[in-house]
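Participant: The following block contains the structure, expressed as structure tokens.
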Amino acid sequence: MKISLKWLCDHVDVVDFLAKPNELAKVLTDAGLEVEGMDSSAESLKSVVVGHIERLERHPNADRLTVCQVNTGSGGVQQIVCGATNHKVGDKVVVALPGAVLPGDFAIKKSKIRDVESLGMLASESELGLKTESVGILILPADAPVGQPFAEYFGLDDITYEVNVPTSRADCLSHLGVARELSCLLDRPLKVLPTFHQDSGAQSNPKVEVELKDSKLCTRYAGRMIEGVKVGPSPAWLRRRLESVGMNSINNVVDVTNFIMMDLGQPLHAFDVSSLKGRKILVGRAAAGENFTTFDGTQLKLTGDELTIRDAERAVCLAGVVGSLNSGVTETTQDLFIEAAHFTMDSVRKTARRHGLQTDSAYRFSRGTDPSGVVRALGRACQLIQEVAGGQVSPVGTDLYPNPVVRLPVMVRAQYLSDRLGYPVDPEKLQSWLLRLGCKVEVLASGLQVTPPEYRVDLEQEVDFVEEYGRLNGYDHIPESLPVLSYAPLAQDKNYLFEQHLGTLARTAGFSQCINFGFTSSKYQASVLGSIESYKACGLEMDPQAIAIQNPLNEELDVMRISLLPGLLRNLLHNVRHGNGVGRLFELGFVFRRGPEGYLQEPRLAFAAWGLQQGLWQKSQVDHALFFELKTRLQGILDRLMITQVQFNPLVSAPELLHPGQSASVFVEGRNIGVIGAIHPRWQVQEKVRLPVVIGELDVKALTRGQPRVVKYKPVSKFPAVERDIAFLVPKGVAASDVMVEIKKTIGTLLQSVQVFDVFEGAGVPEGHQSIAYRMVLQDLTTTLDEEKLTALQAQLVTNVSKKLNIKVR
1 MKISLKWLCD
11 HVDVVDFLAK
21 PNELAKVLTD
31 AGLEVEGMDS
41 SAESLKSVVV
51 GHIERLERHP
61 NADRLTVCQV
71 NTGSGGVQQI
81 VCGATNHKVG
91 DKVVVALPGA
101 VLPGDFAIKK
111 SKIRDVESLG
121 MLASESELGL
131 KTESVGILIL
141 PADAPVGQPF
151 AEYFGLDDIT
161 YEVNVPTSRA
171 DCLSHLGVAR
181 ELSCLLDRPL
191 KVLPTFHQDS
201 GAQSNPKVEV
211 ELKDSKLCTR
221 YAGRMIEGVK
231 VGPSPAWLRR
241 RLESVGMNSI
251 NNVVDVTNFI
261 MMDLGQPLHA
271 FDVSSLKGRK
281 ILVGRAAAGE
291 NFTTFDGTQL
301 KLTGDELTIR
311 DAERAVCLAG
321 VVGSLNSGVT
331 ETTQDLFIEA
341 AHFTMDSVRK
351 TARRHGLQTD
361 SAYRFSRGTD
371 PSGVVRALGR
381 ACQLIQEVAG
391 GQVSPVGTDL
401 YPNPVVRLPV
411 MVRAQYLSDR
421 LGYPVDPEKL
431 QSWLLRLGCK
441 VEVLASGLQV
451 TPPEYRVDLE
461 QEVDFVEEYG
471 RLNGYDHIPE
481 SLPVLSYAPL
491 AQDKNYLFEQ
501 HLGTLARTAG
511 FSQCINFGFT
521 SSKYQASVLG
531 SIESYKACGL
541 EMDPQAIAIQ
551 NPLNEELDVM
561 RISLLPGLLR
571 NLLHNVRHGN
581 GVGRLFELGF
591 VFRRGPEGYL
601 QEPRLAFAAW
611 GLQQGLWQKS
621 QVDHALFFEL
631 KTRLQGILDR
641 LMITQVQFNP
651 LVSAPELLHP
661 GQSASVFVEG
671 RNIGVIGAIH
681 PRWQVQEKVR
691 LPVVIGELDV
701 KALTRGQPRV
711 VKYKPVSKFP
721 AVERDIAFLV
731 PKGVAASDVM
741 VEIKKTIGTL
751 LQSVQVFDVF
761 EGAGVPEGHQ
771 SIAYRMVLQD
781 LTTTLDEEKL
791 TALQAQLVTN
801 VSKKLNIKVR
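Numbering (our numbering), first residue to last: 1 to 810.
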């Protein structure tokens, strides 16, 4: 959240920190309100001053230029060439001197314009960043002091802090809230701001009937009418205040409501009375199935659980979240009803999340606002609207508060705080801090009976005051100490160690690791995966109905994931669309499904590879080469896990996501544990990916069987190894791995390694067949292999392979 230092000065005197803003940032950060950034608007207007045109002449070499002699208060006169036409002798102007850098990195330097020296520039509002467009230079009032820095004169000499407000500190989501903190930390009094009381000159106003139907979700509802306003642009001071915290000016009425929200932390809503049917306000729940259109045109269908603000016919506002299209203030609005209320946190939070609405109002209400500040904020808003938009404020307002919020006292003991902070707590200092926080304190024999202020919704138990004392007194007072270890550390979980080892192997194989959320979009997940039956056939158990999240952050994160592939594909698309044409990713994480006795989370390992490496010495590659690359890398990982019985079996019925002719199940030690395959061309067309893409997913639980496996060592043979090559004419329906299995069975322990080194189709090879050549390395530990034995083994191999697979030697 952005906080303006000059704005803070409206509530507490911290003007001295304008000269030392870093010190104030440290005070806030040390107290738990971390300042993440700081911006000085005066710095961007350095060397920009108020000037006075003392003499003006036509440029000797240009009809549309003038040569001005401008007094900038430095004791001399600067000669400046200007192209504007709206200035004259005696005008007070804004002068950007050499060395100034205007918004847009526009540096001002000494220059010559048509052979005439110019020592600066007379600036316009657009050049100063005050407006997007402007005609001519900015002419200042006649009383503007010559030589004064323009930022100081125009009220732009401000410091803006970017403050990270903790979720529990809803009271600090405003300038008043931060000012309260500074008042406590610096022991400086808070200022009292003017507000609207009864206006004796007000005429009788038509009333708006208000009915509070649901006091559980809306504990307090207040409102007041203002008649005869004139909606228009806001005054400069109001626009500058909102712009200093990153908000845009809309009109004087809406700007006041936004100003109050940022100033006091109380969101408001201004209704055009003429748009309220029956001149009624009803605070109650929505009707199930009711349609609602937000002010920006978004169509919503309400469930009936939402709290709404309604007129006699329809909902005009989702309470605490957003107004409807028909409830806003327009240029023709004359009569207003200003609403200020206190809505419960749960109600606003659920409504905002259910419909994916993130507004400044919902952000504050969902964390907790101050019910005691409702009427004060309403009065302050009425006072400011009357000031900037005119009109008459109704002397009588509405304030429905049937069950006032009562803060219960909490017993706080100094010894309790000492035990948890690890150092002695001074009771007098504790009492002083509590009083400066705005608490009511009663000293009892057993400790301090503390009643927190209503705006501190986070102070409910004694333990909450441990944190308060610790941060206010300074975290650096907490001593360092090591815990006493009375037991030896427990051994790491074997599954955890295996998963860490698996991740290391994947990184070693050339993959970069991704970490995605465990929850995802139900629509996206279903559209990517399609039918899950084919995944189950590959050994990947999936729940046909993903587990729904009861309170999703938004509609894009509404279910728990059943596969890692949708998340990895999002990572892939992000990389491709940002120009990364080659990538190898993996993710090691949990998927979720229902089990017989509850929910289950199961570890999975998934891969995604796209693009082909190109180099000077590499031959051109076809797309399916990527499939074999990923298969080889996966085979290498399994080899490192000492898993030797691995087959990649073509799929009869491939998942909808995969190419039916370039996909396979991963068959390990007698069971399917996953799937690997090229992405379906339909997905590539849909996502406009023109690169080869291959993905895969494995069940990690199946890989953990027998892990870690013991490495067995055997002596190095003294006898030489022998290489033998053999080629078979293999029908295309037979996998090369099937032949390899028969080779291993036939040769037995003499076989040290076997690999495919050539695949050929063409002349001499019957149609529907391919020639696959295998290279075998044989070695005996006890003797030298002679030719007779090798010939016999080869003959036996040919016989077994021909009989089992019905293939021939080439």
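For each residue, glycine too, the CB sits at the ideal point set by N, CA and C.
Grab me the residues of residue 433's own chain with a C-beta within less than 6 Å of its C-beta, minus the 5 sequence neighbours each way, in chain order.
Facilitator: Taking the sequence shown and counting its residues from 1, the one referred to as residue 433 is at position 433. Excluding residues within five positions, the ones whose Cβ falls inside 6 Å are 472.
Participant: I'd like the list of long-range same chain contacts for residue 499, defined as Cβ closer than 8 Å, with 5 residues on each side in sequence excluded.
Facilitator: As a working mapping, residue 499 is identified with position 499 in the sequence shown. So the list reads 588, 603 and 700, once near-sequence residues are dropped.
Participant: I'd like to confirm the pairing. Which residues does DSSP put opposite residue 673 in its beta bridges?
Facilitator: For the purposes of this step, residue 673 is taken as the residue at position 673 of the sequence shown. The partner list for residue 673 (beta bridge, DSSP) is empty, contrary to what the question assumes.
Participant: What do you reckon, are the CB atoms on residue 538 and residue 361 nearer than 7 Å?
Facilitator: By one-based count along the sequence shown, residue 538 stands at place 538. By one-based count along the sequence shown, residue 361 stands at place 361. Residue 538 is not a Cβ neighbour of residue 361, given a cutoff of 7 Å.
Participant: Could you give the uninterrupted runs of the alpha helix (DSSP H) lying entirely in the region 55 to 135, keeping only those of 4 residues or more?
Facilitator: none
Participant: Terminal residues of the continuous beta strand (DSSP E) containing residue 491?
Facilitator: Translated into the one-based positions of the sequence shown, residue 491 becomes position 491. From DSSP, residue 491 is part of no beta strand (DSSP E); its letter is neither H nor E.
Participant: So who's on the other strand from residue 4, going by DSSP bridges?
Facilitator: Position 4 of the sequence shown, counted from the start, is the residue given in the question as residue 4. Answer is 160.
Participant: In the structure shown, what three-state DSSP assignment does residue 640 receive?
Facilitator: Within the sequence shown, numbered from 1, the residue matching residue 640 stands at position 640. If DSSP states are grouped into helix, strand and coil, residue 640 belongs with the helices.
Participant: Around the C-beta of residue 644, are 16 or more other C-beta atoms found within 10 angstroms, so that it is buried, or is it exposed?
Facilitator: Translated into positions along the sequence shown, residue 644 becomes position 644. So residue 644 ends up on the exposed side.
Participant: If you measure between the beta carbons of residue 369 and residue 306, is that distance less than 7 Å?
Facilitator: Your numbering for residue 369 matches position 369 in the sequence shown. Your numbering for residue 306 matches position 306 in the sequence shown. No, these two residues do not count as a Cβ contact at 7 Å.
Participant: Mapping the DSSP letters down to three states, classify residue 201 as helix, strand or coil.
Facilitator: Position 201 of the sequence shown, counted from the start, is the residue given in the question as residue 201. Note that residue 201 scores a pLDDT of 35, beneath 50, so its modelled location is shaky; the value from the coordinates is reported in the next line. The answer is coil: DSSP assigns residue 201 none of H, G, I, E or B.
Participant: Is the CB-CB distance between residue 333 and residue 272 below 7 Å?
Facilitator: On the sequence shown, position 333 is the one that residue 333 refers to. On the sequence shown, position 272 is the one that residue 272 refers to. In contact: residue 333 and residue 272 (Cβ atoms closer than 7 Å).
Participant: Which residue spans inside the region 506 to 547 form an unbroken beta strand (DSSP E) run of at least 3?
Facilitator: You should have 512 to 514.
Participant: Indicate whether the contact test is met: 3 or more Cβ pairs, each with one atom in the region 445 to 462 and one in the region 393 to 408, closer than 8 Å.
Facilitator: yes
Participant: If you run the structure through DSSP and keep just helix, strand and coil, what is residue 732?
Facilitator: Counting from one through the sequence shown, the residue named residue 732 turns up at place 732. Three-state DSSP puts residue 732 in coil, outside helix and strand.
Participant: What are the boundary residues of the beta strand (DSSP E) that includes residue 556?
Facilitator: Taking the first residue of the sequence shown as 1, we reach residue 556 at position 556. Neither: residue 556 is in no beta strand (DSSP E) and is coded neither H nor E.
Participant: Using 6 Å as the cut-off, classify the Cβ of residue 556 as near or not near the heavy atoms of the ligand HEM, replying yes or no.
Facilitator: As presented, the structure is devoid of all ligands, the ligand HEM included, so that no description of it is given.
Participant: Using a 10 Å radius around the Cβ and a threshold of 16 neighbouring Cβ atoms, would you call residue 340 buried or exposed?
Facilitator: Residue mapping note: residue 340 aligns to position 340 of the sequence shown, counting from 1. Answer is buried; the Cβ neighbour count reaches 16.
Participant: Mind the definition here: the region 38 to 51 touches the region 275 to 293 only if three or more C-beta pairs lie below 8 Å; say whether that holds.
Facilitator: No, they do not touch.
Participant: Do the region 462 to 478 and the region 415 to 434 make contact, defined as three or more Cβ pairs closer than 8 Å?
Facilitator: yes
Participant: Taking all protein chains shown into account, do 16 or more other C-beta atoms lie within 10 angstroms of the C-beta of residue 203, making it buried, or fewer, making it exposed?
Facilitator: For the purposes of this step, residue 203 is taken as residue 203 along the sequence shown, with counting starting at 1. Low confidence applies to residue 203: its pLDDT is 36, below 50, so where it sits in the model is not reliable, and the reading given next is rough at best. The residue in question, residue 203, is exposed, as its Cβ has fewer than 16 Cβ neighbours within 10 Å.
Participant: Along the chain, where does the alpha helix (DSSP H) containing residue 255 start, and where does it finish?
Facilitator: Here residue 255 corresponds to residue number 255 of the sequence shown, with the count starting at 1. Looking at the DSSP string, the run of the alpha helix (DSSP H) that includes residue 255 is 252 to 264.
Participant: Indicate the three-state DSSP secondary structure (helix, strand or coil) for residue 678 in the structure shown.
Facilitator: Indexing the sequence shown from 1 puts residue 678 at position 678. Reduced to three states, the DSSP call for residue 678 is strand.
Participant: Tell whether a beta-carbon distance below 7 Å holds between residue 337 and residue 225.
Facilitator: Here residue 337 refers to the residue found at position 337 when the sequence shown is read from its first residue. Here residue 225 refers to the residue found at position 225 when the sequence shown is read from its first residue. Using a Cβ distance threshold of 7 Å, residue 337 and residue 225 count as a contacting pair.
Participant: Label residue 517 either buried or exposed according to how many other C-beta atoms from any shown protein chain fall within 10 Å of its C-beta, with 16 as the threshold for buried.
Facilitator: As a working note, residue 517 is residue 517 in the sequence shown. Residue 517 comes out exposed.
Participant: By the 10 Å Cβ neighbour count, where 16 or more other Cβ atoms means buried, how is residue 806 classified, buried or exposed?
Facilitator: Counting from 1 along the sequence shown, the entry for residue 806 is found at position 806. Result: exposed.
Participant: Determine, using beta carbons only, whether residue 695 and residue 564 come nearer to each other than 7 Å.
Facilitator: Counting from one through the sequence shown, the residue named residue 695 turns up at place 695. Counting from one through the sequence shown, the residue named residue 564 turns up at place 564. Judged by their CB atoms, residue 695 and residue 564 are not nearer to each other than the 7 Å cut-off.
Participant: Between residue 800 and the rest of its own chain, which residues show a CB-CB distance below 8 Å, the 5 nearest in sequence each way excluded?
Facilitator: Start at 1 with the first residue of the sequence shown, and residue 800 comes out as number 800. 742, 745 and 746, listed in sequence order.
Participant: Rounded to a whole number of angstroms, what is the C-alpha to C-alpha distance between residue 811 and residue 219?
Facilitator: Nothing in the structure corresponds to residue 811, since the chain is present only between 1 and 810.
Participant: Count the other C-beta atoms from every protein chain shown that fall within 10 angstroms of the C-beta of residue 198, then say buried if there are 16 or more, exposed otherwise.
Facilitator: The residue you call residue 198 lines up with position 198 of the sequence shown. The predicted model places residue 198 with a pLDDT of 43, which falls under 50 and marks its position as unreliable; any figure quoted below should be read in that light. Exposed, since its Cβ has fewer than 16 Cβ neighbours within 10 Å.
Participant: Rounded to the nearest angstrom, what separates residue 506 and residue 631 at their Cα positions?
Facilitator: Sequence index remark: in the sequence shown, residue 506 carries index 506 (1-based). Sequence index remark: in the sequence shown, residue 631 carries index 631 (1-based). Going from the Cα of residue 506 to the Cα of residue 631 covers about 13 Å.
Participant: Please state whether DSSP places residue 768 in a helix, a strand or coil.
Facilitator: As a first step, residue 768 is located in the sequence shown; it is residue number 768 there, counting from the start. In the three-state reduction of the DSSP assignment, residue 768 falls in the coil class, being assigned neither a helical nor a strand state.
Participant: For residue 584, count neighbouring C-beta atoms within 10 Å of its own C-beta (all shown protein chains included) and say buried if the count is 16 or more, exposed if not.
Facilitator: Your numbering for residue 584 matches position 584 in the sequence shown. Flag for residue 584 reads buried.
Participant: Residue 682: which of 658, 580 and 736 sits nearest, CA to CA?
Facilitator: On the sequence shown, position 682 is the one that residue 682 refers to. Residue 682 has its Cα closest to that of 658, out of 658, 580 and 736.
Participant: From residue 253 to residue 89, what distance separates their C-alpha atoms?
Facilitator: Along the sequence shown, read from residue 1 onward, the residue named residue 253 stands at position 253. Along the sequence shown, read from residue 1 onward, the residue named residue 89 stands at position 89. Roughly 39 Å separates the two Cα atoms.
Participant: So, for residue 27: in the same chain, excluding its five sequence neighbours on each side, which residues have a beta-carbon less than 8 Å away from its beta-carbon?
Facilitator: Counting from 1 along the sequence shown, the entry for residue 27 is found at position 27. Within the same chain, residue 27 has close Cβ partners 182, 185 and 186.
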